[in-house]
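Chains as they are written, first to last, in the numbering used here: chain A, 1 to 346; chain B, 1 to 190.
Every residue gets a Cβ at the ideal spot worked out from N, C-alpha and C, and that includes glycine.
Worksheet: one structure, shown below.
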């Protein structure tokens, strides 16, 4: 019963976080839009008659509308886009023994977690990695790389899939998939705006840099807001990624523990993680925008193998060593319980 | 005034009874459903075994007794009814299969034929599914049993025709462990 209560609390907290995330995203776009409008309004307010006056806040309106569209799109099609970006193909009819085994293992873990079987995808990439995505259990997908299928034993594969099913059951996938969509959108916005502003100043009289500002006669408040606005655009991609990493790091320990409960075999996940740690090459098919979805960090250099303050701050995943140590602890506890049960009379 | 209070109390009791009754029925259906999940996998396992036996029969002729043990364990498992009898028969079948798989390790040629490897994978998966489905079944069955015995839900248990569901007990912890077969001894004997 306490497991059920805990699961419910996890799902609730993920629903709440998804809502806050969406609100924060909309607010960010509103600031980017209306903040820009405000700065331009202040800057053009003193301009003489006949020159441009920024009165209608069309940047704000269009940016909030596009943010709303991005939210809706991430919600409806986020999972498809993430899968598409990795080049994954859906496994429907297993052709090789390896694929058959993957299908079987996913079915086993679906039964163990009491969820419908998610769709199964294979990513053509030699580096071992895996992730789950979707809105909820009914629309969930689990994707693994070809490298994972080749490297892991049956028990280890089962442990990795159990870890992913734990993400599905906790509704981590909803939060993570929304985040992936939004990170992509913010990176795009920041790039696009930066390019527009850059072009404007190069040409000398772009529509977006008013003459008042150029002449040094602009409203000082307007300049301050403009500077803040540019700063937000510049740091937004980094901040959004750090946010994604921070959210995902906490979820990994929990998914490890829940996954180990599903298979009742913590050591299998520990040894799978050891193998994944050994493969330090980057998972090239998985881009930065969806790194936080994966079981181990797909980026090159493998930040997850380092420990310390900086690594804690920027890594999407806790250090693999620490995860393995925790799993070993679970396994030890399990063995102790079992031997105690065998010794004491029933 | 008094009648209103009385009516409110009666309405409250009736509403509670409806809720408790529906809760029990829903749990009962979950137990039935949990059992069906196990049953599907058991059927699949019983269907796979003749295939496996036929495939390995030629190569493992002198392991006749192991093969016979598997076949008779399977037939007993098919004939079993009720949770406890099924659990016992299936446990024996698992052990017989475990011995057979351990023996196939001694025949590299046999393992090399894809068919055997595939059948073994299918049987392993089915066995795992049975294990996980059993866990789920035991969980809901325990919940159902507790609910119908607890006060005050036990007052409507008779109405809902609730009776305790049997749990699928594992006789010994050894069933989960891989059976150990000393192959060196087998070879010397052969």
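Assuming residue i is part of the beta strand (DSSP E), what are its boundary residues?
i	result
residue 141 of chain A	141-145
residue 131 of chain A	130-133
Measure from the C-beta of residue i to each C-beta in chain A and report whether the shortest distance is under 9 Å.
i	result
residue 160 of chain B	no
residue 133 of chain B	yes
The alpha helix (DSSP H) spanning residue i covers which residue range?
i	result
residue 59 of chain A	58-86
residue 120 of chain A	Looking at the DSSP string, residue 120 of chain A is not in any alpha helix (DSSP H); the run it does join, the beta strand (DSSP E), is 119-123.
residue 162 of chain A	154-169
residue 96 of chain A	No alpha helix (DSSP H) contains residue 96 of chain A, which DSSP labels as neither H nor E.
residue 74 of chain B	64-79
residue 158 of chain B	It is not in any alpha helix (DSSP H) - residue 158 of chain B carries neither H nor E in the DSSP assignment.
residue 271 of chain A	266-278
residue 261 of chain A	220-263
residue 58 of chain B	Counting along the chain, residue 58 of chain B falls outside any alpha helix (DSSP H), and DSSP gives it neither H nor E.
residue 37 of chain A	36-45
residue 136 of chain A	Looking at the DSSP string, residue 136 of chain A is not in any alpha helix (DSSP H), and its letter there is neither H nor E.
residue 109 of chain B	108-112
residue 165 of chain B	It is not in any alpha helix (DSSP H) - residue 165 of chain B carries neither H nor E in the DSSP assignment.
residue 153 of chain B	First-last for residue 153 of chain B: undefined, no H or E at that position.
residue 291 of chain A	That residue, residue 291 of chain A, is in no alpha helix (DSSP H); it is neither H nor E in DSSP.
residue 87 of chain B	83-104
Tell me, please, which residues DSSP counts as bridged to residue i.
i	result
residue 9 of chain B	Per DSSP, none; premise fails for residue 9 of chain B.
residue 90 of chain A	A:121
Is the Cβ of residue i closer than 9 Å to any Cβ of chain B?
i	result
residue 275 of chain A	no
residue 108 of chain A	yes
residue 347 of chain A	Shown here, chain A extends from 1 to 346; a query on residue 347 of chain A therefore has no answer.
residue 154 of chain A	yes
residue 97 of chain A	yes
residue 12 of chain A	no
residue 322 of chain A	no
residue 305 of chain A	Residue placement at residue 305 of chain A is poorly supported in this model, since its pLDDT is 47, which falls under 50; the coordinates still yield a value, given next. It does not; no Cβ of chain B falls within 9 Å.
residue 345 of chain A	Here the model assigns residue 345 of chain A a pLDDT of 47, short of 50, so the residue's position is not dependable, and the following value carries that caveat. No, residue 345 of chain A lies away from the interface with chain B (no Cβ there is under 9 Å from its Cβ).
residue 302 of chain A	For residue 302 of chain A, the pLDDT reaches just 46, beneath the cut-off of 50, and the residue's location in the model is therefore unreliable, leaving the point undetermined.
Is the closest heavy atom of the ligand ZN to the C-beta of residue i under 8 Å?
i	result
residue 83 of chain A	Among the components of this structure there are no ligands whatsoever, and the ligand ZN is therefore not found.
If the cut is a Cβ gap below 8 Å, which residues of chain A does residue i touch?
i	result
residue 136 of chain B	111, 112 and 114
Mind pulling the chain A residues with CB within less than 9 Å of residue i?
i	result
residue 37 of chain B	111
Cβ closer than 9 Å: which chain C residues qualify as neighbours of residue i?
i	result
residue 104 of chain A	This model lacks chain C altogether, as its protein chains are A and B.
List the residues of chain B whose Cβ lies closer than 7 Å to the Cβ of residue i, in chain order.
i	result
residue 101 of chain A	121
Within 8 Å of chain A by C-beta, residues of the segment 104-128 of chain B in sequence order
Residues are counted here when their Cβ sits less than 8 Å from a Cβ of chain A; for the segment 104-128 of chain B these are 114, 117, 118, 121, 122, 124, 125 and 128, given in chain order.
Pull out every residue of the segment 254-268 of chain A whose Cβ sits closer than 7 Å to any Cβ of chain B, in chain order.
none
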